[in-house]
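Peer 1:
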Amino acid sequence: MKSPLGTWGIQVLVLAIVFTVFFGALVGKRGLDLIVFVAILSLLPPTIIWLRTRTQSRSQ
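Numbers in the working numbering are just positions in the sequence shown, counted from 1, shifted up by 6.
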């Protein structure tokens with residue numbers, strides 16, 4: 007079985023790059039807002055995965 011952490015890490019990295027490029031072009035040169043926005047978006051997937059893993063381990 008493939009490690010979900012490795013796959014997840016690559017997905018988060020790709021998403022962070024895509025969001026940075028897309029919203030950078032959309033928003034313009036508001037760098038700090040963009041950095042904060044990307045940081046929050048990057049934290050969402052691991053939080054969701056952690057909560058899902060935690061609830062599954064409780065139910066077993």
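No residue lacks a Cβ here, since even glycine has one placed at the ideal position from N, Cα and C.
Do you know offhand how far Phe29's Cα is from Ile46's?
Peer 2: Within the sequence shown, the letter at position 23 stands for residue 29. Within the sequence shown, the letter at position 40 stands for residue 46. So the two alpha carbons sit approximately 13 Å from each other.
Peer 1: Distance check for Thr26 and Leu40, CA to CA, integer angstroms please.
Peer 2: Position 34 of the sequence shown holds residue 40. Position 20 of the sequence shown holds residue 26. So the alpha carbons of these two residues sit roughly 7 Å apart.
Peer 1: Select from Phe43, Val42, Pro52, Ala31 the residue whose C-alpha is nearest the C-alpha of Thr13.
Peer 2: Here residue 13 refers to the residue found at position 7 of the sequence shown. Here the closest residue by C-alpha is Pro52.
Peer 1: Counting only C-beta atoms, is Phe25 closer than 8 Å to chain C at any point?
Peer 2: Looking at the structure shown, chain C is missing, and only one protein chain is on hand.
Peer 1: Could you check the C-alpha separation between Met7 and Leu57 for me, to the nearest Å?
Peer 2: On the sequence shown, residue 7 is found 1 positions in, with the first residue counted as 1. On the sequence shown, residue 57 is found 51 positions in, with the first residue counted as 1. Note that Met7 scores 45 on pLDDT, short of 50, meaning its location in the model is unreliable; the coordinates nonetheless yield the value given after this. The alpha-carbon atoms of Met7 and Leu57 are separated by roughly 21 Å.
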